[in-house]
Structure formats: C-alpha cells, structure tokens
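Asks:
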Amino acid sequence: MLEAASDGAGPQVGERVVFLSLGARGWAQRRAVPHAFTAAAPSNAAWEHLATLPVPATTALRALRKLGSTLGRRVLIVGATSAVGRIAVQLAGRSGAHVAAVARDESRHAELQRLGAHETHAALSSVASRVHGAIDRVGGQDLVDTYALLEPGATVIALGHSAGADERFPYDAFVAGPTTSDRSITSFFLGSEPGLADEMAYLAADRRLQVGVIDTRAWTELATWIEHGAHRPSGRVVLRVIHAQSSD
Ligand SMILES: NC(=O)c1ccc[n+]([C@@H]2O[C@H](COP(=O)([O-])OP(=O)(O)OC[C@H]3O[C@@H](n4cnc5c(N)ncnc54)[C@H](OP(=O)(O)O)[C@@H]3O)[C@@H](O)[C@H]2O)c1
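Mapping to the numbering used here: the sequence shown position 114 is 304, numbers consecutive.
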C-alpha cells in the first residue's frame with residue numbers, strides 16, 4: 191500500500207494488501223482501489239497468489255453461501271477446471287458437501303479429485319443423482335441440464351457463460367410436481383456483493399487454496415504476448431511490474 195485512503199480507513203501505508211479488481215481495463219504500475227475491496231494480506235503469501243486469488247475465491251465462496259448449508263449434501267460444480275470452479279470444489283469439499291465436478295477435459299479429473307471432488311464427470315449426462323445445489327460456470331445447454339438435476343427446493347447459481355450459447359429449456363422444464371417443485375436459477379454478480387474485505391483476508395491467508403496454473407511473466411513481455419495471441423493454456427497469467435523504488 192503506497193497511500194492510505196484520505197478518510198484513514200482501510201489498510202495503511204506499507205501494508206501488504208490484496209484487492210478485488212472489478213471492471214478494470216488496461217494495466218498500470220499503480221492504481222487507486224476502494225478500501226471496501228481491499229484487505230490485509232499475509233506477509234508470507236506469494237504475490238502471484240495474491241494477484242490471482244481474490245476474484246475467483248470470493249466469487250466461489252459467496253456463490254456457495256447462497257446454497258445454504260451443504261454439509262452432507264450433493265453439490266454440483268459445472269466448469270470445475272475454471273478458477274472459480276476449482277476454488278468452489280475446494281471450499282465445498284471443506285464444507286462437508288459431497289462434490290460432483292463436471293469438466294470436459296478428463297485429463298484434469300484426477301487433479302479435481304485431489305482438490306476434493308468426490309465424483310468427476312466429463313458431461314452432465316453421466317451425473318446420476320440429483321443435487322442440493324449447483325454452481326454453473328459454463329451456461330448454454332449445461333445450465334439447462336444442471337437445472338434438470340436439481341432436487342426440489344434446490345438452486346443453481348449461474349455465474350459464467352463460457353459456452354456462449356442460448357439456454358433453451360424444454361417444454362416441461364418448469365412444470366412442478368412433487369419431485370420438481372421450488373427449484374430456481376439465480377444470477378450472480380460479485381460487484382454487487384457487500385462486505386467482501388473480511389472474506390478476502392480469510393481467503394488470502396489460506397495457502398492451501400489453489401487457483402490453478404500460474405504463468406508469470408515480466409510486464410515488458412506484455413506487447414509480445416498479446417501480439418502472439420495472448421494464449422493462456424489453462425490458468426492465469428501474472429505480469430510482474432518492476433517498481434523503481436522496490437526490489438520486487
Ligand atoms: N458473475 C460474477 O460475478 C463472476 C465472477 C467471476 C467470474 N465470472 C465469470 O467467469 C469468467 C471467468 O471465470 P474463471 O476465471 O473462473 O474462468 P477460467 O479460469 O478462465 O476458466 C474458463 C473455464 O471455462 C471452460 N470453458 C471455456 N469454454 C467452454 C465451452 N465452450 N464449453 C464448456 N466449458 C468451457 C474452461 O474449460 P476447459 O478447462 O475445459 O477449457 C474453463 O473451465 C468471467 O469472464 C466471468 O464471465 C463471473
């Protein structure tokens with residue numbers, strides 16, 4: 191932290207911080223961040239961890255909370271190889287849920303199992319039992335199929351749309367009966383969630399949480415990387431800025 195907020199609230203100069211970068215465009219060596227989206231970070235956490243964790247981790251945590259208690263209940267994570275999906279698998283597992291993870295890339299299922307998934311599927315068609323709640327990062331047909339897997343009273347949190355496709359529900363999708371009543375789909379937007387700072391501090395301090403592969407490059411490589419298509423094989427790219435006054 192280079193300069194504290196003018197009202198004195200939030201982290202102070204010299205503190206290591208983690209912050210949520212919402213709606214940001216472009217890159218800069220310094221930036222102003224609202225202290226509502228800023229929290230103290232542990233001194234022993236890697237910069238790459240602090241740079242990549244906040245958005246997926248707070249998203250996953252808040253989305254899971256919306257499902258209520260998951261202890262001993264089946265929770266479905268669709269798009270589980272995404273950063274949000276991976277963290278959701280880890281947090282749901284720790285919350286005592288039976289975690290069913292769906293990821294199209296079967297070569298990453300073992301990794302999801304290590305993170306806490308009790309069952310892994312390449313497609314929703316092989317998910318045999320219905321679920322108490324679901325988090326869907328993919329959208330399109332996956333959202334339609336996820337909704338069909340909900341128990342009565344269950345909810346699917348739609349928070350990503352990687353499929354880039356329409357959701358077309360069959361004629362009877364919303365016909366309620368004893369086994370299909372009170373099911374819902376809800377949208378989610380992290381930027382509308384209040385009071386995230388404490389959770390960011392909690393998540394940043396948790397060194398077991400894994401966002402995924404992190405590809406670290408010098409910020410001076412940015413232009414070349416974009417020129418070559420800004421390829422992200424799977425995971426995050428962190429561009430390190432060298433500060434004039436800092437040794438980092
Ligand atoms: N609503 C909110 O508040 C909120 C918060 C955070 C994120 N998001 C959304 O999530 C996005 C980033 O999430 P993230 O960082 O977790 O994702 P990410 O780490 O970039 O991962 C992308 C995921 O999408 C999957 N995917 C891509 N194209 C697909 C397709 N056509 N069909 C099925 N799966 C596909 C990938 O699967 P493979 O591994 O198989 O390629 C991977 O699991 C943002 O753009 C935003 O839309 C929303």
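Quick reminder that beta carbons are idealized off the backbone N, C-alpha and C, glycines included.
Taking Arg430 as part of the beta strand (DSSP E), name the residues at either end of that continuous run.
Replies: Start and end: 426-430.
Asks: I'd like the list of long-range same chain contacts for Ala199, defined as Cβ closer than 6 Å, with 5 residues on each side in sequence excluded.
Replies: Correct list, in chain order: His225.
Asks: Is DSSP giving Pro232 helix, strand or coil here?
Replies: In the structure shown, Pro232 sits in coil (DSSP, three-state: anything other than H, G, I, E or B).
Asks: Starting from the C-beta of Gly381, find all residues in its chain whose C-beta is less than 6 Å away, skip the five residues before and the five after it, and write them out in chain order.
Replies: Closer than 6 Å at Cβ, skipping near neighbours: Leu212.
Asks: Between the Cα of Ile325 and those of Arg221, Phe378, Asn234, Val427, spot the shortest distance and give me the residue it belongs to.
Replies: Among Arg221, Phe378, Asn234, Val427, the Cα nearest to that of Ile325 is on Phe378.
Asks: Just the Cα atoms here: how many angstroms apart are Gly306 and Ala291?
Replies: Their Cα atoms are separated by approximately 9 Å.
Asks: Any heavy atom of ligand 1 closer than 7 Å to the beta-carbon of Phe378?
Replies: Because some heavy atom of ligand 1 lies under 7 Å away, the Cβ of Phe378 counts as near it: yes.
Asks: Which one or two residues does DSSP pair with Phe133 in a beta bridge?
Replies: Because the chain spans 191 through 438 in this model, residue 133 falls outside it and cannot be assessed.
Asks: Should the region 272-280 be regarded as contacting the region 323-340, the criterion being three or more beta carbon pairs within less than 8 Å?
Replies: Output reads yes: the region 323-340 touches the region 272-280.
Asks: Tell me, to the nearest whole angstrom, how far the beta carbon of Gly323 is from that of Val365; I am working on the premise that it is less than 8 Å.
Replies: Contact doesn't hold; Cβ gap of about 21 Å is too wide.
Asks: Quick check on the DSSP output: the alpha helix (DSSP H) that includes Asp335 runs from which residue to which?
Replies: 331-338 is the span of the alpha helix (DSSP H), which, as asked, contains Asp335.
Asks: Is Gly419 a contact residue of ligand 1, with contact defined as CB to any heavy atom under 7 Å?
Replies: Because no heavy atom of ligand 1 lies under 7 Å away, the Cβ of Gly419 does not count as near it: no.
Asks: What number of angstroms, rounded off, separates the C-alpha of Val208 from the C-alpha of Asp362?
Replies: Between Val208 and Asp362, the C-alpha separation is close to 46 Å.
Asks: Tell whether a beta-carbon distance below 8 Å holds between Thr228 and Ala394.
Replies: For Thr228 and Ala394, no; Cβs fall outside 8 Å.
Asks: Among Ala231, Val334, Leu340, which has the Cα closest to the Cα of Gly204?
Replies: Among Ala231, Val334, Leu340, the Cα nearest to that of Gly204 is on Ala231.
Asks: Just to confirm my understanding: we take Ser437, look at its own chain, exclude 5 residues before and 5 after, and list those with CB closer than 7 Å. What are they?
Replies: In this prediction, Ser437 has a pLDDT of 46, which is less than 50 and means its spatial position is unreliable; what the coordinates show is noted afterwards. Hits under 7 Å: none found.
Asks: Tell me which residue opens and which closes the beta strand (DSSP E) that Gly323 is part of.
Replies: From DSSP, the beta strand (DSSP E) with Gly323 extends over 321-326.
Asks: DSSP state of His421, grouped into three classes?
Replies: Correct three-state label for His421: coil.
Asks: Report the start-end ranges of each beta strand (DSSP E) in the region 229-295 that is 3 residues or longer and not cut off at the edges.
Replies: Listed in chain order, they are 264-268, 288-292.
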